[in-house]
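Asker:
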Amino acid sequence: MKKILSNNHGYSLFIVVLCIAVFSILALSFTVQTANSKKQNDVVQDNFQSAALAEMGSQYYMTAIENEFFVMSEKAQRAQSNYINPFLPDKITEEIIMKAREIGINEAYQYLTGITKPTGIPREKIISNLISKPKFLIDNVIISPLQNDIVTITFDSIGMENGNTKNIETIITGKVEIDFSKMILYQPGEENYAVPPLILDPDPDDKLLYECSYDDLVDKSNGDKGYVDGKIKCNSDKTIFKIIGDIYYDKLKSNINLLYVTKNLVDYNGNSSYDNMKIHVKKDATIGNFNGSQNITLEVLGEATIKNYNKSTGKICAKSYGEIGSGNANGTDVSFYDRNNKACEGDSNNPGVIPQWKWGLPIISKEEYRYN
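In terms of this note's numbering, the sequence shown is residues 530 to 901.
Written out as structure tokens, the structure reads:
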């Protein structure tokens, strides 16, 4: 060693070898550190992406629920209307109003329960335009019972990227509040006390009833030569009908509770069973007879011509002109009123003190997100 150090050439060689060794160690250390850093960065990036996907899933699911609020409102209003329409206006009590409200809210809740099931709102979304095909998954959806018009929904949103997952549990507490001040606006009308009409329009905004056919309305067992000049709408169980136009028929089906006609009505034969039926005609009505029919309510804003109503019960109101034709009213308990009788008063376009129902949307009053 001493000999080498005393030799200038040997000393130079030693220094070169030593430098190569040191730089090799440093290069190896740097390479290992770089590889470790890249691996850590990849893990961090994957975790960040999965977390972002999970948050995307949370926002997606809650927005999807909120987008159904309008449908919930329509279903609530339809259920409430189906319950309250069979009652005569002067028979609608506060108890009936509260029951109608309860039925409407329960219908909205049942719809919400349905869309939160696995068969409802889609729970998985794949970002297909990216090579890694990242996705988020909605899982563990729990909907609470309806309490004080408030429902709570909890769910997990799982973001998945390169095999890594990040769970986000999103809790919606008391977010869907359905009550008079939020979902239903109860308007008793202005300060007028006009006598209300006997029969209210079952679908004044043209959004509660469905399109129906003539066959849904009439009994063709003995043939039929009638028709509707206009549009036919009805409720889901086909007991409430609205004719937007004129109707001509031989015989109605016996399960009808309400028939609302915006123009004229002509019953060719008078063979229909009008038991427990309410009929409103905005123009003229011609009916063969009401023989044997019980609990009839007929409101005609134009002229009413009826052949007879033997052994029947109910109330007939002709606001322009009314007459019994060639038949008679023997043994009957039908009250026939015309425009000169106060029992026939009322403005069909101004329901007076009868409550006007308008359903709004539920609200989400609180949102909570928590990372697992």
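Every residue gets a Cβ at the ideal spot worked out from N, C-alpha and C, and that includes glycine.
Hey, would you say lysine 736 sits closer than 8 Å to glutamate 832, going by beta carbons?
Answerer: One-based indexing of the sequence shown puts residue 736 at position 207. One-based indexing of the sequence shown puts residue 832 at position 303. Cβ distance not < 8 Å, so lysine 736 and glutamate 832 don't count as in contact.
Asker: Would you check if the region 646 to 656 and the region 628 to 636 touch, i.e. whether three or more CB-CB distances between them fall below 8 Å?
Answerer: Contact between the region 628 to 636 and the region 646 to 656 is absent, because fewer than three Cβ pairs lie under 8 Å.
Asker: So, at 8 Å on beta carbons, what are the nonlocal neighbours of tyrosine 797 in its own chain, with the 5 sequence-adjacent residues on each side left out?
Answerer: Here residue 797 refers to the residue found at position 268 when the sequence shown is read from its first residue. Closer than 8 Å at the Cβ level, and outside the excluded window around tyrosine 797, lie Lys754, Gly755, Tyr777, Tyr778, Asp779 and Gly817.
Asker: For lysine 762, count the other beta carbons within 10 Å of its own beta carbon; 16 or more makes it buried, fewer makes it exposed. Which is it?
Answerer: Looking up residue 762 in the sequence shown gives position 233. The residue in question, lysine 762, is buried, as its Cβ has 16 or more Cβ neighbours within 10 Å.
Asker: DSSP on serine 801, reduced to helix/strand/coil?
Answerer: One-based indexing of the sequence shown puts residue 801 at position 272. Correct three-state label for serine 801: coil.
Asker: Work out the CA separation of leucine 827 and proline 731 for me, nearest whole Å.
Answerer: By one-based count along the sequence shown, residue 731 stands at place 202. By one-based count along the sequence shown, residue 827 stands at place 298. Approximately 15 Å, taken between the alpha carbons.
Asker: Where do the N-terminal and C-terminal ends of the alpha helix (DSSP H) with tyrosine 612 fall, by residue?
Answerer: Taking the first residue of the sequence shown as position 1, residue 612 is located at position 83. Taken as a continuous stretch (DSSP letters only), the alpha helix (DSSP H) holding tyrosine 612 covers 598 to 613.
Asker: Once the 5 residues before and after serine 673 are set aside, which same chain residues still bring their CB inside 7 Å of it?
Answerer: Looking up residue 673 in the sequence shown gives position 144. Correct list, in chain order: Val680 and Thr681.
Asker: According to DSSP, which residues form a beta bridge with asparagine 818?
Answerer: Residue numbering aside, residue 818 sits at position 289 when the sequence shown is read from its first letter. Asparagine 818 pairs with Asn837.
Asker: Who are the near neighbours of leucine 890 in its chain, counting only those whose CB is closer than 6 Å to its CB and skipping five residues on each side?
Answerer: Here residue 890 refers to the residue found at position 361 when the sequence shown is read from its first residue. Contacts found: Phe598 and Ser602.
Asker: Just to check my reading of the structure: glutamate 595 and isoleucine 893 have Cβ atoms closer than 8 Å, yes? What is that Cβ distance to the nearest angstrom?
Answerer: Sequence index remark: in the sequence shown, residue 595 carries index 66 (1-based). Sequence index remark: in the sequence shown, residue 893 carries index 364 (1-based). Confirmed, about 6 Å.
Asker: Who are the Cβ neighbours of alanine 581 in its own chain at under 7 Å, not counting the five residues just before and after it?
Answerer: Residue numbering aside, residue 581 sits at position 52 when the sequence shown is read from its first letter. Within the same chain, alanine 581 has close Cβ partners Gly688.
Asker: Excluding the 5 residues preceding and the 5 following asparagine 751 in the sequence, name in chain order all residues of the same chain whose CB lies nearer than 6 Å to its CB.
Answerer: One-based indexing of the sequence shown puts residue 751 at position 222. Correct list: empty, nothing qualifies.
Asker: Specify the secondary structure class of lysine 704 as computed by DSSP and reduced to three states.
Answerer: For this step, residue 704 is matched to residue 175 along the sequence shown. Any reading at lysine 704 must be qualified, since the residue scores a pLDDT of 45, below 50, and its modelled position is unreliable; the value itself is stated next. Lysine 704: strand per DSSP, three-state reduction.
Asker: Measuring only the C-alpha atoms, how far is phenylalanine 665 from tyrosine 589?
Answerer: What you label residue 665 is simply residue 136 of the sequence shown in a count that begins at 1. What you label residue 589 is simply residue 60 of the sequence shown in a count that begins at 1. Taking the CA atoms as reference points, phenylalanine 665 sits about 10 Å from tyrosine 589.
Asker: Near tryptophan 888, which residues of its chain fall below 8 Å by C-beta distance, leaving aside the five closest residues on each side in sequence?
Answerer: Translated into the one-based positions of the sequence shown, residue 888 becomes position 359. Excluding sequence neighbours, tryptophan 888 sits near Ser602, Glu603, Ala605, Gln606, Gln609, Gly633, Met712, Ile713 and Leu714.
Asker: Decide if proline 663 is buried, meaning its Cβ has at least 16 other Cβ atoms within 10 Å, or exposed.
Answerer: The residue given as residue 663 occupies position 134 in the sequence shown. Under this definition proline 663 is a buried residue.
Asker: When you compare each of Asn805, Thr815, Ala847 and Asp766 to proline 615 by their alpha carbons, which one comes out closest?
Answerer: For this step, residue 615 is matched to residue 86 along the sequence shown. Proline 615 has its Cα closest to that of Asn805, out of Asn805, Thr815, Ala847 and Asp766.
Asker: For a test of the three-state rule: what should DSSP assign to isoleucine 671, helix, strand or coil?
Answerer: As a first step, residue 671 must be located in the sequence shown, where it is residue number 142. If DSSP states are grouped into helix, strand and coil, isoleucine 671 belongs with the strands.
Asker: Please return the same chain residues whose Cβ sits closer than 7 Å to the Cβ of asparagine 669, not counting the five positions on each side in sequence.
Answerer: Within the sequence shown, the letter at position 140 stands for residue 669. Excluding sequence neighbours, asparagine 669 sits near Phe684 and Asp685.
Asker: Under 7 Å Cβ to Cβ from isoleucine 483, same chain only, skipping five residues before and after it: list those, please.
Answerer: In the structure displayed, the chain extends from 530 to 901; residue 483 sits before or after that span and is not available.
Asker: On the criterion of 16 or more Cβ atoms from any shown chain inside 10 Å, does asparagine 611 qualify as buried, or is it exposed?
Answerer: Numbered from 1 along the sequence shown, position 82 holds the residue referred to as residue 611. Classification for asparagine 611: buried.
Asker: DSSP three-state label for proline 891, please.
Answerer: The sequence position of residue 891 within the sequence shown is 362, counting from 1. Correct three-state label for proline 891: coil.
Asker: For cysteine 763, write down the residues that DSSP places opposite it in a beta bridge.
Answerer: In the sequence shown, the residue the question calls residue 763 occupies position 234. Partner(s): Tyr739 and Phe770.
Asker: What do you get for glycine 843, buried or exposed, if any count of 16 or more other CB atoms within 10 angstroms of its CB means buried?
Answerer: Here residue 843 is taken as the residue at index 314 of the sequence shown, counted from 1. So glycine 843 ends up on the buried side.
Asker: Measure from the alpha carbon of alanine 814 to the alpha carbon of each residue in Gly643, Met585, Gly774 and Asn764, then state which is nearest.
Answerer: As a position in the sequence shown, residue 814 is number 285, starting the count at 1. The candidate whose alpha carbon is nearest that of alanine 814 is Gly774.
Asker: Just reading off the alpha helix (DSSP H) that isoleucine 626 is part of, what are its end residues?
Answerer: Walking along the sequence shown from the start, residue 626 turns up at place 97. 623 to 644 is the extent of the alpha helix (DSSP H) around isoleucine 626.
Asker: CA-CA distance, asparagine 839 and glycine 821?
Answerer: Here residue 839 is taken as the residue at index 310 of the sequence shown, counted from 1. Here residue 821 is taken as the residue at index 292 of the sequence shown, counted from 1. The alpha-carbon atoms of asparagine 839 and glycine 821 are separated by roughly 6 Å.
Asker: Return the chain-ordered list of same chain residues with a C-beta closer than 6 Å to the C-beta of asparagine 793, the five sequence neighbours on each side being excluded.
Answerer: For this step, residue 793 is matched to residue 264 along the sequence shown. Same-chain partners within the cutoff: Asp775, Lys812 and Asp813.
Asker: How is the beta strand (DSSP E) around threonine 683 delimited, first residue to last?
Answerer: Looking up residue 683 in the sequence shown gives position 154. Element bounds for threonine 683: 679 to 690.
Asker: Quick check on DSSP: helix, strand or coil for aspartate 758?
Answerer: Here residue 758 refers to the residue found at position 229 of the sequence shown. Strand at aspartate 758.
Asker: Does the distance from the C-beta atom of tyrosine 638 to that of leucine 675 stay below 8 Å?
Answerer: Numbered from 1 along the sequence shown, position 109 holds the residue referred to as residue 638. Numbered from 1 along the sequence shown, position 146 holds the residue referred to as residue 675. The answer is yes: Cβ separation under 8 Å.
Asker: Whole angstroms are fine: how far does the CA of valine 790 sit from the CA of glycine 759?
Answerer: The residue given as residue 759 occupies position 230 in the sequence shown. The residue given as residue 790 occupies position 261 in the sequence shown. Answer to the nearest angstrom: the Cα atoms are 10 Å apart.
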